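Below: one structure, written as structure tokens.
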Amino acid sequence: MLKKRIIPCLDIQDGRTVKGVNFLDIRDAGDPIELAQRYVKEGADELVFLDITATVEKRKTLVELVTKIAKEINIPFTVGGGISSVDDVAALVQAGADKVSINSAAVKNPDLISAIAKRFGSQCLVVAIDTKFEDNDWWVYTHGGRNKTDLKTVAWAQEIERLGGGEILLTSMNSDGTKDGFSLDITKKVSEAISLPVIASGGAGSEKHFKEVFEQTKATGGLAASIFHFNEIPIPVLKDYLSRNNISVRK
Amino acid sequence: MIAIVKYNAGNVKSVQNAITRLGYESIITDDPEELMNADKVIFPGVGEASTAMQYLKERNLDQLIPQLKNPVLGICLGMQLLCAHSEEGDTNCLGIFDNKVKRFPATDIVPQMGWNNFTALNSPIFNGLKVEDDVYFVHSFYADINENTIAQSEYILPFSAALQKDNFYATQFHPEKSASVGNTILKNFLEL
């Protein structure tokens, strides 16, 4: 039986892991490779590395980091942050990334989705959607949640599927950082509207939140950052809990 | 020396990294001599079947690979290309295994992406594994089950998780991305 995936996300700045902005400040949380190795040992199913450096001159640092990660890590990993061209993807895939994640660039230029899918295969392409509920609908935001677009979330997810995206990483801005649970409503809508795998993100604060999202939506993965970094929910404890609640996970 | 078939597949580097971690030397090559003389050959694959077959034909690898006498391990698309035919791009493949490769019916999410277990561990490459061990799959097409099937898995329907015939071994899943279980399988193959 296919297992639900538990996916820690590591925010990377200048080659180091940083803790989320919802805490006191952005502070060094250590060597990403050490943290990644800890997650592999604990039973993480995949990893996501999100580069928040965002300056072109530092992009080279990311490729070097990805090369090191690929040498050390024997589970699939996705790299995202500032990817805006097929050449960006080529550099990361050649360095050993299994998948790349694009967000703002896909909204600005949807053809980029088809171009990446054609060259590297859909399985290589995660399209991240940052979504926010306001004025009675879920809207797509870009640039780390700073810019609102006129795209509605479900329609955009369907367009991503049509263009050849392989997977959707859906982050609810309403839930992100709250630790009150995933936004089940939009996760359910998106995961039922398309036949691509959907990773739910934003709001996980307890084991129960993962159970809810897997029981009440068709999401096949759950992503979180700080609760794993600081061991608030150790991955083995989470997987044990899900398993006891009849949700199939890898042990 | 382990030879990894050089072609336009996304996971060539990942396979080499995994082999390096296990302490083996490897080369990525499409040179016939190097492939024929290697202790083991790994035929990886991520991508689309007809494009990959075209690439192999342009380099005469479609002639060479079926003639290899050393142990060969096909991975993912590499496994599907060792089968007779793939529905992906209506492609005639290398025909080592007479299995047919078909697209999963769209009754659930396609591709299958993630960790799944497999049964009927009927091969030395699975020594030391347990039935509940999970491995990592990413695929929209699957090989049907027949006498070449040495491991079976289920997603939407039962399919071949691994095949073997003579010196040819193949896995639909990615041992290079399957944590310690994948390491065991790769190590078993490298020690054949």
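Line by line, the protein sequences give chains F and B.
Reading the first sequence from the start, the letters are residues 1 to 251 in the numbering used here.
Reading the second sequence from the start, the letters are residues 1001 to 1192 in the numbering used here.
Where is the CB? At the ideal position from N, CA and C, for every residue including glycine.
Since the model is a prediction, treat every value here as computed from it, not as a measurement.
Partner residues on chain F for residue i, Cβ-Cβ distance less than 8 Å
{"i": "N1116 of chain B", "result": "M1, L2, K3"}
{"i": "N1183 of chain B", "result": "N74"}
Inter-residue spacing [alpha-carbon to alpha-carbon] between residue i and residue j
{"i": "S84 of chain F", "j": "I52 of chain F", "result": "14 Å"}
{"i": "I1125 of chain B", "j": "F1189 of chain B", "result": "5 Å"}
{"i": "F23 of chain F", "j": "P234 of chain F", "result": "In this predicted model, F23 of chain F has a pLDDT of only 40, less than 50, meaning its place in the structure is not dependable enough to derive any value."}
{"i": "A1161 of chain B", "j": "E1088 of chain B", "result": "18 Å"}
{"i": "K1102 of chain B", "j": "V48 of chain F", "result": "31 Å"}
{"i": "E64 of chain F", "j": "A95 of chain F", "result": "8 Å"}
{"i": "E192 of chain F", "j": "I199 of chain F", "result": "13 Å"}
{"i": "D240 of chain F", "j": "N1060 of chain B", "result": "51 Å"}
{"i": "G1074 of chain B", "j": "H1085 of chain B", "result": "15 Å"}
{"i": "V154 of chain F", "j": "T171 of chain F", "result": "13 Å"}
{"i": "V21 of chain F", "j": "G181 of chain F", "result": "The predicted model places V21 of chain F with a pLDDT of 48, which falls under 50 and marks its position as unreliable; any figure quoted below should be read in that light. Spanning the two alpha carbons is a distance of roughly 18 Å."}
{"i": "K1177 of chain B", "j": "F210 of chain F", "result": "24 Å"}
{"i": "R250 of chain F", "j": "P197 of chain F", "result": "17 Å"}
{"i": "E232 of chain F", "j": "L1056 of chain B", "result": "50 Å"}
{"i": "K1069 of chain B", "j": "E1191 of chain B", "result": "16 Å"}
Endpoints, beta strand (DSSP E) assigned at residue i
{"i": "E167 of chain F", "result": "167-172"}
{"i": "Q123 of chain F", "result": "Careful: Q123 of chain F lies outside any beta strand (DSSP E) and carries neither H nor E."}
{"i": "M1113 of chain B", "result": "1112-1117"}
{"i": "K99 of chain F", "result": "99-102"}
{"i": "K1102 of chain B", "result": "1100-1103"}
{"i": "Y1136 of chain B", "result": "1134-1139"}
{"i": "E1154 of chain B", "result": "1149-1155"}
{"i": "I1004 of chain B", "result": "1002-1005"}
Neighbour list for residue i in chain B, Cβ cutoff strictly below 8 Å
{"i": "V40 of chain F", "result": "A1179"}
{"i": "Q94 of chain F", "result": "K1013"}
{"i": "K71 of chain F", "result": "N1017, T1020, R1021"}
{"i": "E167 of chain F", "result": "M1113"}
{"i": "D240 of chain F", "result": "Residues of chain B passing the Cβ test: none, with the nearest at roughly 15 Å."}
Limits of the alpha helix (DSSP H) - the one that residue i falls within
{"i": "V1012 of chain B", "result": "1012-1021"}
{"i": "V1182 of chain B", "result": "One detail in the question is off: residue 1182 of chain B reads as Gly in this sequence, not Val. Where G1182 of chain B is concerned, the enclosing alpha helix (DSSP H) stretches over 1179-1190."}
{"i": "A1170 of chain B", "result": "Taken as a continuous stretch (DSSP letters only), A1170 of chain B belongs to no alpha helix (DSSP H), being part of the beta strand (DSSP E) at 1168-1171."}
{"i": "V1131 of chain B", "result": "Run containing V1131 of chain B: none; DSSP gives neither H nor E here."}
{"i": "I227 of chain F", "result": "226-229"}
{"i": "L2 of chain F", "result": "That residue, L2 of chain F, is in no alpha helix (DSSP H); it is neither H nor E in DSSP."}
{"i": "T153 of chain F", "result": "153-163"}
Beta-carbon separation (whole angstroms), residue i vs residue j, contact threshold 8 Å
{"i": "T1020 of chain B", "j": "A1003 of chain B", "result": "Contact doesn't hold; Cβ gap of about 14 Å is too wide."}
{"i": "V107 of chain F", "j": "T78 of chain F", "result": "Wrong, their Cβ atoms sit about 18 Å apart, outside the cutoff."}
{"i": "N1148 of chain B", "j": "L1163 of chain B", "result": "4 Å"}
{"i": "S114 of chain F", "j": "L163 of chain F", "result": "5 Å"}
{"i": "T61 of chain F", "j": "G15 of chain F", "result": "5 Å"}
{"i": "L1077 of chain B", "j": "F1097 of chain B", "result": "Not a contact, Cβ separation roughly 14 Å."}
{"i": "W139 of chain F", "j": "L151 of chain F", "result": "7 Å"}
{"i": "A36 of chain F", "j": "I7 of chain F", "result": "Between I7 of chain F and A36 of chain F the Cβ distance is about 12 Å, and since that is not below 8 Å, they are no contact."}
Amino acids of chain B, ordered along the chain, whose beta-carbon sits closer than 7 Å to that of residue i
{"i": "A106 of chain F", "result": "Simply none; closest approach about 19 Å."}
{"i": "S195 of chain F", "result": "A1106, I1109, V1110"}
{"i": "P76 of chain F", "result": "Y1136, K1177"}
{"i": "R250 of chain F", "result": "W1115, D1134"}
Proximal residues of chain B, C-beta to C-beta of residue i below 9 Å
{"i": "T220 of chain F", "result": "I1109, M1113, G1114"}
{"i": "R146 of chain F", "result": "Going along chain B, no residue has its Cβ under 9 Å from R146 of chain F, so there is no contact; the nearest lies around 30 Å."}
Under 7 Å from the C-beta of residue i: neighbouring residues of chain F
{"i": "G1047 of chain B", "result": "G121"}
Residue i: contacting residues in chain F (beta-carbon distance under 9 Å)
{"i": "Y1155 of chain B", "result": "M1, L2"}
Check: For the segment 1066-1091 of chain B, which segments carrying the alpha helix (DSSP H) assignment without a break, of at least 4 residues, lie completely within its bounds, in sequence order?
Finding: 1077-1081
Next item on the list: Tell me the start and end of each unbroken alpha helix (DSSP H) in the segment 1027-1071 of chain B that is at least 4 residues and wholly inside, in chain order.
Entry: 1032-1037, 1049-1058, 1061-1064
Item checked: Runs of alpha helix (DSSP H) wholly within the segment 190-221 of chain F (minimum 4 residues, chain order) -> 207-216
Next item on the list: Output the residue ranges of the alpha helix (DSSP H) runs that lie fully inside the segment 27-53 of chain F and measure 4 residues or longer, sorted by chain position.
Entry: 32-42
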